[in-house]
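Position 64 (the sequence shown) corresponds to 70 in the numbering used here; numbering is contiguous. Working notes, beginning with the structure itself.
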Amino acid sequence: MTNVQFPNTPVPVILLEYERITGKRIIRDANIQDKTISIQTSGRMSYADAARFIEESLMLNGYAILETGRPNEMKIVAYNLDKKLTSEGLPVLTMPSQLPESDAVITYIMPLVYLAPDEAAELFTSIVELHPYGKITPLKNASAVVITENTTVIRSLIELRDHLDISMQRTMDQTFHLERADAEETVEALADILGLNDTESPSATAPGAQAQGTQPTGAAVPSMVALGSATDARPAAPRPRLRAMPWANKILVVATPVDMEHIKNLISHLDAPYEKSNYMRRKLSYISVSDFLQIAGDIITRGLDDSKGGNQISGQPQAGLQDQNRFGTPNNLGNGTNAFGNSGSSGSTGNLGKAGADQAEPPQSVVIGKTLLIADNVQNQLIASGPPEHLFLINELLDSMDCRPDQIQISAVISQLNLGDDFEFGLDFFRTLDNLGTGNPPGVAGSFGSSGIPFIDTSTLTNINNLAAAGQGLTLYGQLNSYTDAAFRTLASTNRFKVLSRPTVYTVNNRLATIESGQRVAIPRNTLTSSDPGLLANNQIINSTIDYVDVVLRIDVIPLINENGEITLQIRQNNDNIVATQNIGGNQVPTIGTQALGTTVMVQDGGMVLLGGLISEQDARTKTGLPLFFDLNLLGRVFGSTVDNIERQELLIFIQPKIISSSTQHSRVDEDMLSRTQVGQGAQEFGEGERDNLEVFESQDFKSPEKRTRFFNNLFKRKPKPENRNGTEGGSTPTTGQSSREDYTAPLADEIEGNSSNKLRGLPEVPEYRAVPVE
């Protein structure tokens, strides 16, 4: 408690007492050092009341104590001596609850709703007398006034504003719950329909009619359309105010009764139910639903704004790659010390990812605007829910895209040609076909063998007996250029040409097909050498980490069906082989050589493409001489000789695409594939033919290993052939040089010009097989 008694006291002395009771420092103006005033009161009061009493007394005498923005520090300004308080950085407040309890000078921004800022400033100035430092500034664009005064005057002006800034008509509020439409979108639609976003001043309206004002920009609340006027004229009636509540999907409306009824009718139209079903479920037959999900999202997003596009998903990698990376990254391939390998072939289409995964790919979903898309990868079906127009677009797109694609059979013959003096390249032989005389027919075949062997006429190849008439070497019968038709046949007497494998794969139009043949090679990755003191002789311990590298011949083909039965083939061939070994850290590490080529070619359906030019060399050393003596170190050169030869081998790959557009064509292709094996047709007859095969199988006693072996050995035993009139088995005596079924290599093409069958005529009939019980 303290007494406040300062009769005719200098201002600095009063400030010292103020600093004592408040604990704050005062920054003094130089103009108050010689000023004296009187501050007196009766009775004792608390320090807080005494401090407030001193502040208000100084304010009445032209001295204002202001905040400096730093704690426990104030400043005193003599505003009567031509000093403006607005230049002292007064605090700016916007809410009545922020006003301080003391009679401090502040700047307050007072918002207005119905009252124009110019009218409010004029009314406030005429009703309330301001202090010399007081000031009221109207803000038209923000529909507010800025007031600089002490808190007592500002509280009086706020109370005055509450009585003057009122609507001329009674308003009401109502909440509307939306069942289907979105609250924020509905508010935007109502504002557009009612013209609440217009910036022009409304014209005068007749009594009772709805008057429209201009929405103040500064007073607008997010997701809310407010009324008010930014012009000097007062609106005749308040404009509706709309606010969206997205968490509850509701709209709060504040409007006059007439406007409320009109808005209610508009909301009923905007929240109307769909007349058609907004749900669909469709199973896809030929395309992957995960691939189609991104396409469906794009067609829906095309008709939406960027802000309403929804989430975008990462489409699954499609089998058909794009541009130069469409074949993917080739493996480091090859196969051992053999230039072209002989460890079999495999084919695949597309990118199968991780085969044999434990679980299927989980479902995917994406929300675009008001449409939900779900891809069920297990059942390959699309589930969609949304506006009917979006579902119609999806169904229309699926009708066009989900169609059965044409299949393509890609047959290949991977062969190896030993080069010599007569042929530097494998293509040198095929160029001889271009140098034939004019007397030969345009469709001819050539013979790869010794000189002097004539070319044969393709018209005589309908009988297999004529196929061997070309003599030694390789007889070609295939579309190697524009006028040569054909098939392959390797005679047993040639050593220069060898068929390594004859794979066949299937793919669909414009999808990747892959043929691989090779092995995996062990290569040390890390080698760690450590010492063990416990070992006496050798104290080194070597630990190596081994990686296996794919060393295969790889052929990637992407076929594209064009018009008029043409097929565009994008081919990429990669052939790696082990060319040498080198010692690295005590380990023999193989050196892998790479041969690669890529090309694009157009062929007819059933035509053939030859890939060649990849040549490899191998050093070969041959020792000859008198046995037991030419292996001796010194006498070996006398009794024998050593010849070093370089063997040059070229990889020749023949590729034939064939379009399969119907089940009939597919059956013909399968029949041809069965005819290429020795037991293919017999195995088919065993599965489809005699019913007693199953009975014989079930009647066997397989406890004895000998009976099990005899049964399966007799599984495809041939039936005895009936004798003919000459007393010999079969229908005719084999012609000299005729090839048996086992020696016959099936044609690469399924059809031969002039022969509707997919096999050459004159072949021996396929023997009939049956199961024989074991006695």
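Each residue gets a CB set at the ideal place from its N, CA and C atoms; glycine is no exception.
(request) Return the Cβ separation of Ile521 and Pro530 in integer angstroms, given the expectation that the two are a contact with Cβ distance under 8 Å. (result) Locating residue 521 in the sequence shown gives position 515, where the first residue counts as 1. Locating residue 530 in the sequence shown gives position 524, where the first residue counts as 1. Their Cβ separation, rounded to whole angstroms, is 30 Å, which puts Ile521 and Pro530 out of contact at 8 Å.
(message) Mapping the DSSP letters down to three states, classify Asp198 as helix, strand or coil.
(response) Within the sequence shown, the letter at position 192 stands for residue 198. Helix.
(request) Measure the C-alpha to C-alpha separation of Ile172 and Ile112 and round it to an integer number of angstroms. (result) If you number the sequence shown from 1, residue 172 lands on position 166. If you number the sequence shown from 1, residue 112 lands on position 106. Going from the Cα of Ile172 to the Cα of Ile112 covers about 26 Å.
(request) Can you give me the Cβ contacts of Thr444 inside the same chain, cut-off strictly under 7 Å, excluding the 5 residues immediately before and after it? (result) Taking the first residue of the sequence shown as 1, we reach residue 444 at position 438. Only weak support exists for where Thr444 lies, its pLDDT of 37 falling under 50; the coordinates are left without a value.
(request) Starting from Thr628, follow its DSSP beta bridges and name the residues at the other end. (result) Here the question's residue 628 lines up with position 622 in the sequence shown. Beta-bridge pairing links Thr628 to Val649.
(request) Put Met101 into one of helix, strand or coil per three-state DSSP. (result) By 1-based counting over the sequence shown, the position of residue 101 is 95. Three-state DSSP puts Met101 in coil, outside helix and strand.
(request) Measure the alpha-carbon distance for Ala451 versus Ala602 and round it to whole angstroms. (result) Taking the sequence shown and counting its residues from 1, one reaches residue 451 at position 445. Taking the sequence shown and counting its residues from 1, one reaches residue 602 at position 596. With a pLDDT of 32 at Ala451, under the threshold of 50, the modelled position of this residue cannot be trusted, and the question is left open.
(message) Below 8 Å on the Cβ atoms is my contact criterion, and I expect Val514 with Asp412 to pass it. Report the Cβ-Cβ distance as a whole number of Å.
(response) Locating residue 514 in the sequence shown gives position 508, counting from the first residue. Locating residue 412 in the sequence shown gives position 406, counting from the first residue. With a Cβ gap of about 7 Å, Val514 and Asp412 count as contacting.
(request) With DSSP collapsed to three states, give me the class of Leu121. (result) Position 115 of the sequence shown, counted from the first residue, corresponds to residue 121. Leu121 falls in the coil class under three-state DSSP.
(message) Could you compute how far the alpha carbon of Gly612 sits from the alpha carbon of Ser507?
(response) Counting from 1 along the sequence shown, the entry for residue 612 is found at position 606. Counting from 1 along the sequence shown, the entry for residue 507 is found at position 501. Computed Cα separation, rounded: 20 Å.
(message) So, at 8 Å on beta carbons, what are the nonlocal neighbours of Thr177 in its own chain, with the 5 sequence-adjacent residues on each side left out?
(response) By 1-based counting over the sequence shown, the position of residue 177 is 171. Contacts found: Pro244, Val260, Ala261 and Thr262.
(request) Please report how far the alpha carbon of Leu96 lies from the alpha carbon of Asn156, in whole angstroms. (result) Here residue 96 refers to the residue found at position 90 when the sequence shown is read from its first residue. Here residue 156 refers to the residue found at position 150 when the sequence shown is read from its first residue. C-alpha separation (whole angstroms): 11 Å.
(request) Less than 8 Å between the CB atoms is what I'm expecting for Asn284 and Pro394, so what's the real figure, rounded? (result) The residue you call residue 284 lines up with position 278 of the sequence shown. The residue you call residue 394 lines up with position 388 of the sequence shown. Right, the Cβ-Cβ distance comes to about 6 Å (below 8 Å), so this counts as a contact.
(request) Assuming Pro663 and Ile305 form a contact by the criterion Cβ under 8 Å, report the distance between their Cβ atoms to the nearest whole angstrom. (result) Residue 663 sits at position 657 when you count from the first residue of the sequence shown. Residue 305 sits at position 299 when you count from the first residue of the sequence shown. The Cβ separation is near 33 Å, so there is no contact.
(message) On the criterion of 16 or more Cβ atoms from any shown chain inside 10 Å, does Phe398 qualify as buried, or is it exposed?
(response) Walking along the sequence shown from the start, residue 398 turns up at place 392. It is exposed - the Cβ of Phe398 has fewer than 16 other Cβ atoms within 10 Å.
(request) Starting from the C-beta of Leu129, find all residues in its chain whose C-beta is less than 7 Å away, skip the five residues before and the five after it, and write them out in chain order. (result) Stepping through the sequence shown from its first residue, residue 129 is reached at position 123. Around Leu129: Leu170.
(message) Can you check which of these residues, Gly201, Lys289 and Asn78, is closest to Leu248 by C-alpha distance?
(response) Within the sequence shown, residue 248 is the residue found at index 242, counting from 1. Closest by alpha carbon: Gly201.
(message) What does the alpha-carbon distance come out to for the pair Glu402 and Ser291?
(response) Position 396 of the sequence shown holds residue 402. Position 285 of the sequence shown holds residue 291. Whole-angstrom Cα-Cα distance: 15 Å.
(message) For Ala250 and Asp265, I'd like the C-alpha separation in whole angstroms.
(response) Locating residue 250 in the sequence shown gives position 244, counting from the first residue. Locating residue 265 in the sequence shown gives position 259, counting from the first residue. The alpha-carbon atoms of Ala250 and Asp265 are separated by roughly 17 Å.
(message) Can you tell me whether Gln525 is buried or exposed? The criterion is at least 16 other CB atoms within 10 Å of its CB, across all chains shown.
(response) Taking the sequence shown and counting its residues from 1, the one referred to as residue 525 is at position 519. The residue is buried, with at least 16 neighbouring Cβ atoms inside 10 Å.
(request) Would you check if the distance between the CB atom of Ala57 and the CB atom of Tyr24 is smaller than 8 Å? (result) Residue numbering aside, residue 57 sits at position 51 when the sequence shown is read from its first letter. Residue numbering aside, residue 24 sits at position 18 when the sequence shown is read from its first letter. Yes; because the gap between Cβ atoms is below 8 Å, this pair is in contact.
(message) Under 8 Å, with one C-beta from each stretch per pair, do the segment 137-146 and the segment 120-127 reach the 3-pair mark?
(response) yes
(message) Using only the alpha-carbon positions, how far apart do Ser391 and Thr307 sit?
(response) Position 385 of the sequence shown, counting from 1, holds the residue named residue 391. Position 301 of the sequence shown, counting from 1, holds the residue named residue 307. The straight-line gap from Cα to Cα measures roughly 15 Å.
(message) Less than 8 Å between C-beta atoms, sequence neighbours within five positions excluded: which residues of the same chain meet that for Gly29?
(response) Residue 29 sits at position 23 when you count from the first residue of the sequence shown. So the list reads Asn78, once near-sequence residues are dropped.
(request) Give the straight-line distance between the Cα atoms of Tyr53 and Ile33, rounded to the nearest whole angstrom. (result) Looking up residue 53 in the sequence shown gives position 47. Looking up residue 33 in the sequence shown gives position 27. The straight-line gap from Cα to Cα measures roughly 20 Å.
(message) Which residue marks the beginning of the beta strand (DSSP E) containing Met286, and which one marks its end?
(response) Working through the sequence shown from its first residue, we reach residue 286 at position 280. Per DSSP, Met286 belongs to the beta strand (DSSP E) from Tyr285 to Lys289.
(message) Within 10 Å of its beta-carbon, does Asp179 have 16 or more other beta-carbons around it, so buried, or fewer, so exposed?
(response) Along the sequence shown, read from residue 1 onward, the residue named residue 179 stands at position 173. Under this definition Asp179 is an exposed residue.
(message) Counting beta carbon pairs with one atom in the segment 661-680 and one in the segment 619-631, are three or more of them shorter than 8 Å?
(response) no
(request) Assign Asn568 to one of two classes, buried (16 or more other C-beta atoms within 10 Å of its C-beta) or exposed (fewer than that). (result) Counted from its first residue, the sequence shown places residue 568 at position 562. So Asn568 counts as exposed.
(message) Quick check on Asp165: buried or exposed, where buried means 16 or more other Cβ atoms within 10 Å of its Cβ?
(response) Taking the sequence shown and counting its residues from 1, the one referred to as residue 165 is at position 159. Residue identity differs from the one stated: residue 165 is Glu in this sequence, not Asp. Flag for Glu165 reads exposed.
(message) Please state the DSSP three-state secondary structure of Arg245.
(response) In the sequence shown, residue 245 corresponds to position 239, counting from 1. Three-state DSSP puts Arg245 in coil, outside helix and strand.
(message) I need the DSSP call for His137, collapsed to helix, strand or coil.
(response) On the sequence shown, residue 137 is found 131 positions in, with the first residue counted as 1. Here His137 sits in coil by DSSP.
(request) Take Ile301 as the anchor and find which of Pro117, Tyr120 and Met407 has the nearest alpha-carbon. (result) On the sequence shown, residue 301 is found 295 positions in, with the first residue counted as 1. Ranking the options by Cα distance to Ile301, first place goes to Met407.
(message) Using the three-state DSSP reduction, which class does Asp562 fall into: helix, strand or coil?
(response) For the purposes of this step, residue 562 is taken as residue 556 along the sequence shown, with counting starting at 1. Looking at Asp562 - three-state DSSP - the assignment turns out to be strand.
(message) So for Ser784, helix, strand or coil by DSSP?
(response) What the structure shows of the chain is the stretch from 7 to 781, and residue 784 is not part of that stretch, so it cannot be assessed.
(message) Could you give the first and the last residue of the continuous alpha helix (DSSP H) run that contains Glu402?
(response) As a first step, residue 402 is located in the sequence shown; it is residue number 396 there, counting from the start. First-last of the alpha helix (DSSP H) with Glu402: Pro394 to Met407.
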